[in-house]
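Peer 1: The structure follows.
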Amino acid sequence: METAQERLDLENAKNKNNKKSGQAQYVVFNIGEEEYGIEIEYTREIIKSAQITNVPNTDEHVVGVINLRGIIVPVVDLHSRFEIEEDSGDFEADEQRTITVEV
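Per my numbering, the sequence shown starts with residue 1402, numbered consecutively.
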């Protein structure tokens, strides 16, 4: 049986081979009318929106933090960060996701 670490190592090896051949895989998402992508190797995971705890005296783009299995992760509002007008009709709340990335 393959462990999670073995799967991760295999995926990392595939990603390195894809980069050498000029190919890359992306996680694609929408913000308003715009479409963006993040290379999959920088994507940690995609989760349903979690309870966000506000943190005082932070940058205006930082919504707060979430607890992701014991790790405190900052949450950045990309609508605000990229100065994209937020459309309340973008998605229903149960369709929204949080993409956690390595930076």
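In this text, a Cβ means the ideal position worked out from N, Cα and C, and glycines have one as well.
1. With distances taken from CA atoms, which of Gln1424, His1480 and Asn1468 is nearest Ser1450?
2. Per DSSP, what kind of secondary structure is Glu1440 in: helix, strand or coil?
3. By how many angstroms is the C-alpha of Ala1425 removed from the C-alpha of Ile1506?
4. DSSP state of Arg1482, grouped into three classes?
5. Is the Cβ-Cβ distance between Val1474 and Ile1453 less than 8 Å?
6. Identify which residue in Asn1458, Arg1482, Asp1478 and Glu1442 has its Cα closest to the Cα of Arg1498.
7. Please classify Glu1435: does DSSP put it in a helix, a strand, or coil?
Peer 2: Reading off the structure:
1. Along the sequence shown, one-based indexing puts residue 1450 at 49. The shortest Cα separation from Ser1450 among Gln1424, His1480 and Asn1468 belongs to Asn1468.
2. Start at 1 with the first residue of the sequence shown, and residue 1440 comes out as number 39. Note: Glu1440 maps to strand in three-state DSSP.
3. This structure gives no information on residue 1506, because the portion of the chain shown stretches from 1402 to 1504.
4. Walking along the sequence shown from the start, residue 1482 turns up at place 81. Note: Arg1482 maps to helix in three-state DSSP.
5. Mapped onto the sequence shown, residue 1474 falls at position 73. Mapped onto the sequence shown, residue 1453 falls at position 52. No, the Cβ-Cβ distance between Val1474 and Ile1453 is not below 8 Å.
6. By one-based count along the sequence shown, residue 1498 stands at place 97. Answer by Cα proximity: Asp1478.
7. Translated into the one-based positions of the sequence shown, residue 1435 becomes position 34. In the structure shown, Glu1435 sits in a strand (DSSP, three-state: E or B).
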